[in-house]
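See structure below.
In full-length UniProt numbering, the protein residues as written are 1 to 852.
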């Protein structure tokens, strides 16, 4: 071991981990031994995805792959060891437990700390920062205390940047009404211009988060409580007074006002510090001491600190190269960002603020569709310099790598609204030159990727492993797929990284085995713990192949937000209630029942295009009682929440219409009752028209039935949406029995073979109508009997899912707003009126007092 040089790394965040990985992968002669000293008890984890921790509270899911360096004898990691002294003359560091470590080279990767403005009261209980996993645990506990102590619990976030909005989302998820206080005139002032920030503020406000911009925080004091605490709650309530003399009473305050470099160790050791903080380095990331380097957020490279992971990774790679005798230097940093904040797309890239002299700006501000796009161009309008996207960032993947490159077409067309055949949507990765940077986090160009493909990389996973593209924020992964396709590489049909099988293959595995749980399936045929792609898919497959209740046992944990509560979640966090109305046929008694329930619970009612009545605005804790009354009144779940049959629309048919040729109403009722509850890759809609006048618009449905003089014409593969498609005629003049038999076969063939979230329209296009006709009508695959038997099992095993919930206390227990406070209604669900209609309100009713 004495022959090895020794490098000590202070800090084990994402950048410190990247340095160790880079050094060990390149050090083919094993010339360096590495010791990592980490203050946190957790090894390197994904701090960029910190908010994701609030969704599962499993620290292991955020751990970076290989952060324990298992099997590498040249790497030692010591967690929970803070370095308290640095002696450059002796070339040693000392930890808080008294251990001394000598080094040949020292790498400072101490990162940054959350900045807390000097606001009076910032040290009171209930005030927190948003930086580490431990911080989130503390905020969750504080939010629980706030809920227990108030009927209208609130939280305040100081800071309206990226981290502040993530913190507000977390507070909202904890059941608090969230306020964001930002001193600048707009949110995300570092990334967005005035128009983009204004749109983001409006969209965030509509999601129930109150935004206060252009205002500071004067003080934080214990709140004046006007009524007794609930139960045995702890009183940590606070009053946040703003610079405009308004105040907010709350239970939690989170500071997310930016970060400062952790440079105190370097300061104590006498290393040169940049004017605005951070350890000053040159482009090789070496400090004023030639044996000490700084990387990541603590490094002020030529005086500038970078707060993004991409430049941090680049600095780690530079130092690894330098220690091995290379001459790498830190290049111009890419400060591009693409995020999804509370479901709102936000992206900025290049010279987003248009600081280049004589530059031009092209802007599309679509207030109706709530999108904002700006391109910054050179003075001759030929070169892209940067841009901003809010509301729709789908063009980011193509536009960002084009920065500094000649524009391929009309700049305005590049940011035209979705659906207008924008050039950006059509260009594809083929328009980019080899030097275009595809992955800014890891500085990977298109040329690097094509070279990797040329050496044998044939899928996204191999490209990620070979080039590291897509291994950080992941925003470039769609471009990796596009590039593989453009290079003529046949793509894997793997469902996700946890299953190498396609959805259709997993369906066959489940059908052919006795496996009835996700854990059993992934143990035998997959890897890892699963993700938000494979879990809902397997849940759907299990539901399609049995009559088990979707909330039974392990199944419940696999469901998405809608299936989890058997209701569609709406924009303000409330839910819709949709009882089944087969074929639009409804009795007066059921009309009265729906009206009484809507009146009693204050719900908004709407007759939908699918010929049923939806009720909007129910809290999750109200759902069981609403459904109890519906079920007792003879109604059942309409499954508007599921990837399943939604409705079968009909005209009035031969019963009433003088043109009607067949009884379309009864056929629609029969079909809806037959296929109700049928789980599928995507939602299914049907229509039955009594004659060729097509009043039920059957040819716009996944399955359309139109009456003729001799029977029924069957159409398949239609749908509306972004790309409307007319259904095509599969067979004509069918009798009732044959019609149903063919629909059975069509649906089961689709359910068995379609990809994840694939509608019938693209599925029909992929297979071709003639092939479908051979399989369904001519039984060319010999599967007709199997398809019909599977459908018969579904029909025989059907049961109303809500009835199953009402009969099971364990299932009922999940329908509470807050697990730790089951009797507390969600205060963030609020409403207002628009033209006499009840609609979600942007500001919660009963929010904490805000006034003068």
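Cβ coordinates follow ideal geometry from the N, Cα and C atoms, glycine included.
Cβ shell of residue i (< 7 Å), same chain only, five flanking positions each side left out
{"i": "residue 455", "result": "none"}
{"i": "residue 527", "result": "498"}
{"i": "residue 41", "result": "79 and 80"}
{"i": "residue 749", "result": "775, 776 and 787"}
{"i": "residue 275", "result": "303"}
{"i": "residue 365", "result": "195 and 372"}
Reduced DSSP secondary structure (H/G/I, E/B, other) of residue i
{"i": "residue 6", "result": "strand"}
{"i": "residue 450", "result": "helix"}
{"i": "residue 467", "result": "helix"}
{"i": "residue 867", "result": "Because the chain spans 1 through 852 in this model, residue 867 falls outside it and cannot be assessed."}
{"i": "residue 87", "result": "strand"}
{"i": "residue 816", "result": "coil"}
{"i": "residue 50", "result": "helix"}
{"i": "residue 183", "result": "coil"}
{"i": "residue 265", "result": "helix"}
{"i": "residue 482", "result": "helix"}
{"i": "residue 17", "result": "helix"}
{"i": "residue 115", "result": "coil"}
{"i": "residue 174", "result": "coil"}
{"i": "residue 63", "result": "strand"}
{"i": "residue 33", "result": "strand"}
{"i": "residue 639", "result": "coil"}
{"i": "residue 78", "result": "strand"}
Residue i versus residue j: straight-line alpha-carbon distance, rounded
{"i": "residue 569", "j": "residue 176", "result": "18 Å"}
{"i": "residue 382", "j": "residue 361", "result": "12 Å"}
{"i": "residue 698", "j": "residue 743", "result": "14 Å"}
{"i": "residue 630", "j": "residue 596", "result": "10 Å"}
{"i": "residue 33", "j": "residue 319", "result": "15 Å"}
{"i": "residue 193", "j": "residue 353", "result": "6 Å"}
{"i": "residue 5", "j": "residue 255", "result": "42 Å"}
{"i": "residue 466", "j": "residue 458", "result": "11 Å"}
{"i": "residue 7", "j": "residue 91", "result": "11 Å"}
{"i": "residue 833", "j": "residue 840", "result": "8 Å"}
{"i": "residue 166", "j": "residue 180", "result": "10 Å"}
{"i": "residue 172", "j": "residue 178", "result": "6 Å"}
{"i": "residue 684", "j": "residue 761", "result": "11 Å"}
{"i": "residue 722", "j": "residue 369", "result": "Its pLDDT being 49, under 50, residue 722 is placed unreliably by the model, and the measurement read from it follows with that caveat. If you take the alpha carbons of residue 722 and residue 369, they lie about 14 Å apart."}
{"i": "residue 635", "j": "residue 732", "result": "34 Å"}
{"i": "residue 190", "j": "residue 552", "result": "47 Å"}
{"i": "residue 505", "j": "residue 533", "result": "15 Å"}
{"i": "residue 701", "j": "residue 719", "result": "5 Å"}
{"i": "residue 159", "j": "residue 182", "result": "5 Å"}
{"i": "residue 363", "j": "residue 411", "result": "10 Å"}
{"i": "residue 626", "j": "residue 603", "result": "11 Å"}
{"i": "residue 68", "j": "residue 10", "result": "16 Å"}
{"i": "residue 89", "j": "residue 282", "result": "21 Å"}
Neighbourhood of residue i by C-beta, 8 Å cutoff - its chain only, sequence neighbours within 5 removed
{"i": "residue 548", "result": "516, 542 and 555"}
{"i": "residue 421", "result": "Here the model assigns residue 421 a pLDDT of 42, short of 50, so the residue's position is not dependable, and the following value carries that caveat. For residue 421, where only same-chain residues beyond five positions count, there are no Cβ hits under 8 Å."}
{"i": "residue 730", "result": "714, 715, 716, 742, 746, 769, 772, 773, 776 and 777"}
{"i": "residue 646", "result": "610, 638, 639, 640, 683, 684 and 685"}
Per DSSP, the bridge partner or partners of residue i
{"i": "residue 362", "result": "375"}
{"i": "residue 255", "result": "129 and 158"}
{"i": "residue 294", "result": "108"}
{"i": "residue 834", "result": "837"}
{"i": "residue 221", "result": "239"}
{"i": "residue 45", "result": "63"}
{"i": "residue 212", "result": "181"}
Minimum Cβ-Cβ distance from residue i to chain B less than 9 Å
{"i": "residue 197", "result": "Considering every chain present, this structure includes no chain B. It has just one protein chain."}
Same chain, Cβ closer than 6 Å to residue i, five either side skipped, listed in chain order
{"i": "residue 544", "result": "679 and 751"}
{"i": "residue 336", "result": "349, 400 and 440"}
{"i": "residue 755", "result": "503"}
{"i": "residue 38", "result": "12 and 79"}
{"i": "residue 669", "result": "582, 583 and 585"}
{"i": "residue 82", "result": "39 and 96"}
{"i": "residue 464", "result": "470 and 471"}
Inside the UniProt domain "Nitrite/sulphite reductase 4Fe-4S" (642–776) only - beta strand (DSSP E) runs reaching at least 3 residues: The UniProt domain "Nitrite/sulphite reductase 4Fe-4S" (642–776) is shown to contain whole beta strand (DSSP E) runs of 3 or more residues at 645–650, 684–689, 703–708, 711–716 and 728–734, in chain order.
Length-filtered (3 minimum) beta strand (DSSP E) runs lying within the stretch 589–633: List check, beta strand (DSSP E) in window: 604–607 and 613–618.
Contained beta strand (DSSP E) runs [length at least 3] in the stretch 507–586, N- to C-terminal order: With a minimum length of 3 residues, the continuous beta strand (DSSP E) runs that stay inside the stretch 507–586 are 575–577.
Within the stretch 272–353, ranges of the beta strand (DSSP E) (whole runs, at least 3 residues): Entirely contained in the stretch 272–353, the beta strand (DSSP E) runs reaching 3 residues are, in chain order, 279–281, 292–294, 299–301, 337–341 and 344–350.
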